[in-house]
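One structure is given here, and the rest of the page talks about it.
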Amino acid sequence: MASVSSARESLSHALNNRFLPNLEYLLQGSILDSAVEHLMHRLKGLCDNVDTSPETFHDLEVCMSLRQPNSNQPLLLRVRRALGRDAPFQMRYLGQPEVDQRRPTLVRSCMDCACTNGILEFLTEMGFRLEFEYIAKGYMFRKGRMKITVSKLIKIIPGKQQDMANEPISQSYIVELSVVAPTGQENVGEEMRVFAEQLKPLVQLDKIDYKRLGSMP
Amino acid sequence: MGVTVLQPYPMPEGKSGAHIIDYLGKRLLSLGATHAGQFLVDCETFISTPQPHNGTPGRAVHVLHNSEYPASTFSIIDSGTGKQVSLVADSIFDLLMLKMTNTFTSKKQTKIESRGARFEYGDFVIKLGSVTMMEHFKGILIEIEYKSCMILAYCWEMIREMLQGFLNINVGKDFPTYFATQTIMTAMGQQQLHAKHNDLYEPTDTVKQYLEQFTNYRKHVSMHGSLSGTSGIQQPVHMSSSPVMGAAGGLVLIRS
Amino acid sequence: MSNSVNISVETTCENQIREIGYDGTELYQPPPTLSESLAKCAARIDFSKTSLDDLKKEEKTAAAAEEENKDGTQFQESLWPWDAVRNKLKDALTEICVLSDVISIAKDKRYLVLDPLLEEGDDTKPIVQVYSRKKAISQAAQVLLSGAERLRNAHSEQRSRNVSDFHIELLRLRQNWRLKKVSNAIIGDLSYRTAGSKFGMSGTFEVTKAEEASDDDSASTSTTSSSTATNNGMQMKASSALRVIVPAELQGVAYIKVITQKDQEDLCTAQVNLMGHGPNITAQVGVWQKTLEFAQNVLFCKELFAQLAREAIQLQAPIPHVVIGNQIRATLLPNIQLIISLCHSTTFDSNQPAPINDHDHVLEHSLHQLLREVHYKNSHHPFPHPASAPLGPTKKRMLAGPMAADRETLLDMTKSQTILEQIIAQAQHIFMRKRTQYVLDTLARDVKDPQIVSHWNAMNSPTMSCVKINIVTHGYDAIGRTSLVIHVKERSLKCICRDGRVMRLSYEPQELRDLILCQINSHQISCLVSLARCMAWTVLSNSNHLGIGKVEPLGNASSCLLASPNGDRMIAVQIRCDPQIDVKVYIARSPRQDFFPSPLVPEKLWENLGGNFKEVKFDKIEGKSFLNKMEFLMASLTSNTA
């Protein structure tokens, strides 16, 4: 009988053999509320499962940060929870985005981890502090391995996460096109670029460099 | 998925661990149990560096894996204050811990595991684990699971009989210390007696029992280490970790 | 790497050959120096375009220069390269000088007066213009009118001949099928790829306009439509302006035939043919609709068969599945085989009888549904929640980590049944159900007393159905009723009795038969016991398992001993069930009439012990059923003593 391999071994095995999807390819854009209907129509036409109505989602995202002694960049972890659904919490680590001019999309390392709902308390105990939180509400589509979300970001009045009275941050929807794939699958970006091309001119999906937006509020 | 009790096997003098494992395995097989694979439970502890300037005490995050639950990583955090928070996550959580190496450093010297053969007998699963830390044999842990029940109070007698009859371990009538009645704080801030043996059993409970036992083994080592004076390289690490280990150990004492 | 080869194009030699010596050496003209090339360029300047006069003069001078050049090149070639340029500039200077003189004279207005010239072009009269325009417009009107007339003619012709318009038909085609334009051709796709199929075979077809010629003749003369039209056994009534060309491998009719066979004898057959599904829209659209539907059906059948054949080879069955040509054979139960074959005929013969009519709609539907389910699963993946979670894993797998799923649960998630496995299971179940039905029906027919009533559940799953069996005696329903439930599975039966006993039976019908007979047995005895109580008889003993005769695992002969109310009569009943139900009834009375004191048993009181049991000719007793007869018997024995 074969001996049991430890969890760490099988994880590094998955990493080395490129099973583990750990890179996120991302394109982002935004569209005004008034035009979102048109975008939805186009997405319905382009994406898989057109026969069913688009999948909705309503998530609360909490971003926690940990100050690290030897670096001035805090470690950020995003914890997302589906409101009104019985689904595990998702913890997400996102690395620094690489805006490589040669690549058609933004690429960043990414780790998704489903956890029990004690995660926020756990992180607090670890020393993490609340950075910001918001509610994302909208529609999800898929086309092959591409995920397209059209979401409205909603501001949270602290302590009133469940409240319906929370207001949207802006008069537009954020549109994200993303693929999480293992390292070394370079054709993903091209696939996404072609798809993004089909959404023009309704929405211009682009790689957005957050470092340049750093000074904005 | 049932109730699991973890029991350290008292080591008789002058016998090697392998010999006892062999003996117990043969005993189980001859009594009708069947061999059903291997198992592994491992534990790695990450220690945060205390930050005196903002008053955060040193914290220990224990990350455990159980081969019985291959998709999960269990982690338990011991804040310096004696509070324990546990988390069950996907196995990718291990990689996330590596992102925090600046704050939480892994103590390789205390990496401990229990590994061995797995036996099945009807609704019982018996695991004979030999505990090793840094490749050194530390002791034997016997895990016994009764699959048809979710509450210890209903099947403790049966498990006890199994332990006594099959493995010849003398176990008292009382529930094991992990399941003993303890005082907890309610959400309202009141103290309340809580009978853990009446709770629905969860996989985390197995892992917590392992952590409890592993902590005992480690404590043993650090005591021995300080007495006999181990190598100079290991010494400072043990010294730095001792307050945390002490806290964890203290927790166990409170419970028992 | 591309296959292109770089070719460099350049002049063979840079300088002209001036002379070739007798020995073959070529003397090259030396390349022009800078000043020489400047002179050459300057000579090219065209000074002539300044005025008409100049142009004329230029021609002359050019001709003269040509002459001159001829001489010049011969004799004074390199003497004066700027000569032409100088001459031209000189001429220009002369002209400028004359012009300036003229202007200076004209300024005084004494010797020279400048008058504007009369414009000559605009002397056409307006009336002429009107006429010419009128003529042009009428010509244009003529063109438009004749075009309209042609269109009207064509339209009315179409109306009268009921010929549909190509574009209208194309529009209808587009509403039902996927089409795209590739350069000049229109290509359609009838494959199931957009619905989630991963079958490799292409399902493209081409759309063309039917030729005029074929419209006049009967449509069947044209090659493409004749093949499709006659294949499908339809006569083209209305000729269509649109023609679809389906690849050869998709032409014809195909269906999948499923036969369950026992020793070469067909038990049940099924065919998968999607024809006739969905609303019939052929009437409103062209004949091509039928053609395409048939082709799509061929494609579907081929995909289904390819999938089944692949699975048949991969599956590790105890008795391996056999795939030969267009046939898959799988063993369902001993001696019973499932044969799935793909029938594809490209020539339709109307004389040929329609393929077996009594096909099994259930299996036909299942096969169709199973492949559609595969398609559906290919295209419908669950969405993750929360939205940031990765795409791909199922909801169960997403929960596995945080909920700490154990190894077995995780292993179960990876397992899935193939289409072949499922269809075999369903066929097995259908077979098991038929067998069970047969056993129950024959038993109900053969055993008149008690009555066996079976209720089949209307709601079944494809691999599990349920029957409830009630055993009652007519007229004695209130006294006792034995009921049991049988779950009919794929290869086994599960019987649940009223008392909670659960028995698992194999696929052998004899086992079920035995079980029901034993149940009848115990029914009779338990009813007899209740009946006896009603009649104030005492039950001395009863046993459901006597252990005599053939010992069956499910039950055995049963017996019962009854005593009359005052204890002077006894009835013993034994019911055997192997192989037929056999009832034996004995009676005894006390005090026994044939008691004679003997030296061993001298006292008279021993006569009360009861005598020997004497068998009753049970079939001679009046009564419709066993209980009825027993009631009579008990009643008569009671009244005898009274």
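Residue numbers (the UniProt record's numbering), protein chains in the order written: chain A, 1 to 217; chain B, 1 to 256; chain C, 1 to 642.
We treat Cβ as the ideally placed atom computed from N, Cα and C, and that holds for glycine.
Self-check item: Cβ-Cβ distance between residue 90(A) and residue 108(A) below 8 angstroms
Solution: As a working note, residue 90(A) is residue 90 in the first sequence. As a working note, residue 108(A) is residue 108 in the first sequence. Going by C-beta atoms, residue 90(A) is not nearer than 8 angstroms to residue 108(A).
Quiz item: Using a Cβ-Cβ distance under 8 angstroms, would residue 148(B) count as near chain A?
Solution: As a first step, residue 148(B) is located in the second sequence; it is residue number 148 there, counting from the start. It does not: the Cβ of residue 148(B) has no partner Cβ on chain A nearer than 8 angstroms.
Quiz item: From which residue to which residue does the alpha helix (DSSP H) around residue 435(C) run?
Solution: The residue you call residue 435(C) lines up with position 435 of the third sequence. Residues 419-446.
Quiz item: Closest Cβ-Cβ distance between residue 200(C) and chain F: below 8 angstroms?
Solution: Checking the listed chains, one finds no chain F in this structure; the protein chains it contains are A, B and C.
Self-check item: Residues that residue 379(C) contacts on chain A, provided the C-beta gap is smaller than 8 angstroms
Solution: Residue 379(C) sits at position 379 when you count from the first residue of the third sequence. Within chain A, the residues near residue 379(C) are 48 and 49.
Practice problem: Compare the C-beta of residue 101(A) against all C-beta atoms of chain C and say whether one is closer than 8 angstroms. | Solution: Residue 101(A) sits at position 101 when you count from the first residue of the first sequence. No - not a single Cβ of chain C is within 8 angstroms of the one on residue 101(A).
Exercise. Taking residue 115(B) as part of the beta strand (DSSP E), name the residues at either end of that continuous run.
Key: As a working note, residue 115(B) is residue 115 in the second sequence. Unbroken beta strand (DSSP E) run through residue 115(B): 112-121.
Self-check item: Coarse secondary structure for residue 62(B), derived from DSSP in three states
Solution: For the purposes of this step, residue 62(B) is taken as residue 62 along the second sequence, with counting starting at 1. Of the three classes helix, strand and coil, the one that applies to residue 62(B) here is strand, per DSSP.
Exercise. Say whether the region 64-79 of chain B touches the region 387-402 of chain C, bearing in mind that this needs 3 or more beta-carbon pairs closer than 8 angstroms, one atom from each stretch.
Key: yes
Quiz item: Taking residue 28(C) as the reference, which of 89(C), 471(C), 19(C) and 35(C) has the closest Cα?
Solution: Walking along the third sequence from the start, residue 28(C) turns up at place 28. Checking every option, the nearest Cα to that of residue 28(C) belongs to 19(C).
Quiz item: What does DSSP give as the partner residues of residue 189(C) in its beta bridges?
Solution: Start at 1 with the first residue of the third sequence, and residue 189(C) comes out as number 189. DSSP lists 178(C) and 204(C) as partners of residue 189(C).
Quiz item: What is the DSSP secondary structure of residue 8(B), counted as helix, strand or coil?
Solution: In the second sequence, the residue the question calls residue 8(B) occupies position 8. Looking at residue 8(B) - three-state DSSP - the assignment turns out to be strand.
Quiz item: Is residue 200(C) closer than 8 angstroms to residue 345(C) when the C-beta atoms are compared?
Solution: Here residue 345(C) corresponds to residue number 345 of the third sequence, with the count starting at 1. Here residue 200(C) corresponds to residue number 200 of the third sequence, with the count starting at 1. No, the Cβ-Cβ distance between residue 345(C) and residue 200(C) is not below 8 angstroms.
Quiz item: From residue 471(C) to residue 477(C), what distance separates their C-alpha atoms?
Solution: Translated into the one-based positions of the third sequence, residue 471(C) becomes position 471. Translated into the one-based positions of the third sequence, residue 477(C) becomes position 477. Roughly 9 angstroms between the two C-alpha positions.
Practice problem: May I ask which residues mark the beginning and end of the beta strand (DSSP E) holding residue 643(C)? | Solution: In this structure chain C extends from 1 to 642, so residue 643(C) is not present and cannot be described.
Quiz item: In whole angstroms, what is the alpha-carbon distance linking residue 117(C) and residue 145(C)?
Solution: Start at 1 with the first residue of the third sequence, and residue 117(C) comes out as number 117. Start at 1 with the first residue of the third sequence, and residue 145(C) comes out as number 145. Approximately 48 angstroms, taken between the alpha carbons.
Quiz item: Taking 8 angstroms as the CB-CB cut-off, is residue 645(C) touching chain B?
Solution: Outside the shown range of chain C, which is 1 to 642, sits residue 645(C), and nothing can be said about it.
Quiz prompt | Beta-carbon proximity of residue 39(A) to residue 150(A), cut-off 8 angstroms | solution = Numbered from 1 along the first sequence, position 39 holds the residue referred to as residue 39(A). Numbered from 1 along the first sequence, position 150 holds the residue referred to as residue 150(A). Yes, they are a contact pair.
Quiz item: If we count the other Cβ atoms within 10 Å of its Cβ and call it buried at 16 or more, is residue 207(A) buried or exposed?
Solution: Mapped onto the first sequence, residue 207(A) falls at position 207. With 16 or more other Cβ atoms within 10 Å, it is buried.
Quiz prompt | Members of the region 80-101 of chain B that neighbour chain C once the beta carbon cut-off is set at 9 angstroms | solution = 87, 88, 89, 90, 91, 92 and 93
Quiz item: According to DSSP, is residue 473(C) helix, strand or coil?
Solution: Indexing the third sequence from 1 puts residue 473(C) at position 473. Coil, per DSSP.
Quiz item: Which class does residue 569(C) belong to by DSSP, given the choice of helix, strand or coil?
Solution: Here residue 569(C) is taken as the residue at index 569 of the third sequence, counted from 1. In the structure shown, residue 569(C) sits in a strand (DSSP, three-state: E or B).
Quiz item: Would you say residue 207(B) reaches chain A, if we count a Cβ-Cβ gap shorter than 8 angstroms as a contact?
Solution: As a working note, residue 207(B) is residue 207 in the second sequence. Cβ-Cβ to chain A under 8 angstroms: no for residue 207(B).
Practice problem: With DSSP as the reference, label residue 173(B) as helix, strand or coil. | Solution: Here the question's residue 173(B) lines up with position 173 in the second sequence. DSSP places residue 173(B) in coil when its eight states are reduced to three.
Practice problem: Could you check the C-alpha separation between residue 18(B) and residue 29(B) for me, to the nearest Å? | Solution: Taking the second sequence and counting its residues from 1, the one referred to as residue 18(B) is at position 18. Taking the second sequence and counting its residues from 1, the one referred to as residue 29(B) is at position 29. Cα to Cα, residue 18(B) sits roughly 16 angstroms from residue 29(B).
Quiz prompt | Proximity test, Cβ basis, 8 angstroms: residue 174(B) and chain A | solution = Position 174 of the second sequence, counting from 1, holds the residue named residue 174(B). By this cut-off, residue 174(B) is not an interface position.
Quiz item: Exposed or buried, what is residue 13(A) when buried is set at 16 or more other beta-carbons lying within 10 Å of its beta-carbon?
Solution: Here residue 13(A) is taken as the residue at index 13 of the first sequence, counted from 1. With fewer than 16 Cβ atoms within 10 Å of its Cβ, residue 13(A) is classed as exposed.
Quiz item: Taking the alpha-carbon positions, what's the residue 353(C) to residue 330(C) distance?
Solution: By one-based count along the third sequence, residue 353(C) stands at place 353. By one-based count along the third sequence, residue 330(C) stands at place 330. With a pLDDT of only 43 at residue 353(C), under 50, the local geometry of the prediction cannot be trusted, and the value read off the model is given with reservation. Approximately 28 angstroms between the Cα atoms of the pair.
Self-check item: Distance, residue 390(C) Cα to residue 384(C) Cα
Solution: Taking the first residue of the third sequence as 1, we reach residue 384(C) at position 384. Taking the first residue of the third sequence as 1, we reach residue 390(C) at position 390. Rounded to the nearest angstrom, the two C-alpha atoms are 6 angstroms apart.
Exercise. Give the single residue among 289(C), 97(C), 338(C) and 521(C) whose Cα lies nearest to the Cα of residue 170(C).
Key: Within the third sequence, numbered from 1, the residue matching residue 170(C) stands at position 170. That would be 289(C), whose Cα lies nearest to the Cα of residue 170(C).
Quiz item: Between which two residues does the alpha helix (DSSP H) carrying residue 17(C) extend?
Solution: Locating residue 17(C) in the third sequence gives position 17, counting from the first residue. Premise fails: residue 17(C) lies in the beta strand (DSSP E), 17-20, not in any alpha helix (DSSP H).
Quiz item: Name the chain A residues whose beta carbon is nearer than 7 angstroms to that of residue 391(C)?
Solution: Walking along the third sequence from the start, residue 391(C) turns up at place 391. Correct list: 142, 145 and 147.
Quiz item: Counting along the chain, where does the beta strand (DSSP E) carrying residue 145(A) start and finish?
Solution: Numbered from its first residue, the first sequence carries residue 145(A) at position 145. That residue, residue 145(A), is in no beta strand (DSSP E); it is neither H nor E in DSSP.
Quiz prompt | C-beta neighbour in chain B for residue 108(A), strict 8 angstroms | solution = By 1-based counting over the first sequence, the position of residue 108(A) is 108. No, its Cβ sits nowhere closer than 8 angstroms to a Cβ of chain B.
Practice problem: Say whether the region 19-30 of chain A touches the region 110-117 of chain A, bearing in mind that this needs 3 or more beta-carbon pairs closer than 8 angstroms, one atom from each stretch. | Solution: yes
Quiz prompt | Beta-carbon gap between residue 115(B) and residue 130(B) smaller than 8 angstroms | solution = Mapped onto the second sequence, residue 115(B) falls at position 115. Mapped onto the second sequence, residue 130(B) falls at position 130. Yes, the Cβ-Cβ distance between residue 115(B) and residue 130(B) is below 8 angstroms.
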